[in-house]
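Only one structure is covered here, and it is reproduced in the block below.
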Amino acid sequence: MDKAISTVLLIIAGMIATLVVVRSAYPAVVRGGNSIVNITQRMSERIETQISIVFATGELDANGTWQDTDNDGYFDVTVWVKNVGSSRILGITDIDVFYGNAGSFQRIPYVGDAGGSFPNWSYTLENDTEWKSMATLKVSIHFTSAQPSGTYLVKVITPSGAYAEQWFSY
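The numbering used here numbers the first residue of the sequence shown as 1017 and each following residue consecutively.
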């Protein structure tokens, strides 16, 4: 009889120990699995998101002199960025735009985040209502004065980390 009671107590203790281990390990396994799923989704989004800068230019007249050709009161650098990936790019106002000549790049804030300061950038979609595959985004970087002649870099980075950059001169 003593052996039977001891056996039953050992079985119960083993079941309790197993339950404690499972209850403590299971959440960690689930969190690890969720992390892997999230990383996989982000990597998939990044792989499917690709952009290309089609053209970049300053707001110049026919003689190559800075001119406020659109009469908005600013001197603009215009950059056309094409979505060449397979997914729609959300959060256009969250993209990062960097601009400058060698050694003096700066992040240009979106006009809605700039608080009235310059330079800032705004955008229009050229051939669609969303930045879907094959749609082109026209990014206008606004300055209060003409930029000096030289060679400049513009770099556009999407919220998922995909980017395109181009050197151009004027």
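We treat Cβ as the ideally placed atom computed from N, Cα and C, and that holds for glycine.
Consult DSSP for residue i and reduce its assignment to one of helix, strand or coil.
{"i": "residue 1075", "result": "coil"}
{"i": "residue 1054", "result": "helix"}
{"i": "residue 1127", "result": "coil"}
{"i": "residue 1022", "result": "helix"}
{"i": "residue 1028", "result": "helix"}
Which value, in whole angstroms, describes the spacing of the CA atoms of residue i and residue j?
{"i": "residue 1155", "j": "residue 1166", "result": "20 angstroms"}
{"i": "residue 1135", "j": "residue 1124", "result": "6 angstroms"}
{"i": "residue 1076", "j": "residue 1114", "result": "21 angstroms"}
{"i": "residue 1141", "j": "residue 1049", "result": "38 angstroms"}
{"i": "residue 1032", "j": "residue 1045", "result": "20 angstroms"}
{"i": "residue 1083", "j": "residue 1051", "result": "52 angstroms"}
{"i": "residue 1164", "j": "residue 1054", "result": "45 angstroms"}
{"i": "residue 1184", "j": "residue 1063", "result": "27 angstroms"}
{"i": "residue 1168", "j": "residue 1116", "result": "5 angstroms"}
{"i": "residue 1018", "j": "residue 1028", "result": "15 angstroms"}
Closer than 7 angstroms to a non-hydrogen atom of the ligand MG - does that hold for the CB of residue i?
{"i": "residue 1021", "result": "Because no ligand of any kind appears in the structure shown, any question about the ligand MG cannot be addressed here."}
Residue range of the beta strand (DSSP E) that residue i falls in?
{"i": "residue 1180", "result": "1179 to 1185"}
{"i": "residue 1137", "result": "1136 to 1141"}
{"i": "residue 1169", "result": "1167 to 1173"}
{"i": "residue 1152", "result": "1152 to 1159"}
{"i": "residue 1116", "result": "1112 to 1117"}
{"i": "residue 1093", "result": "1091 to 1099"}
Within a Cβ cutoff of 8 angstroms, which residues of the same chain sit near residue i, ignoring the five residues on either side of it in sequence?
{"i": "residue 1158", "result": "1088, 1090, 1091, 1092, 1127, 1134, 1135, 1136, 1137 and 1138"}
Mind reading off the beta-carbon distance from residue i to residue j? Whole number of angstroms is fine, and I expect it under 8 angstroms.
{"i": "residue 1170", "j": "residue 1067", "result": "Not a contact, Cβ separation roughly 12 angstroms."}
{"i": "residue 1160", "j": "residue 1105", "result": "Going by Cβ atoms, the distance from residue 1160 to residue 1105 rounds to 29 angstroms, so no, they are not a contact pair."}
So, for residue i: in the same chain, excluding its five sequence neighbours on each side, which residues have a beta-carbon less than 7 angstroms away from its beta-carbon?
{"i": "residue 1174", "result": "1065, 1067, 1105 and 1111"}
Considering only residues of the same chain and omitting the five flanking positions on each side of residue i, which have a CB-CB separation below 6 angstroms?
{"i": "residue 1121", "result": "1114"}
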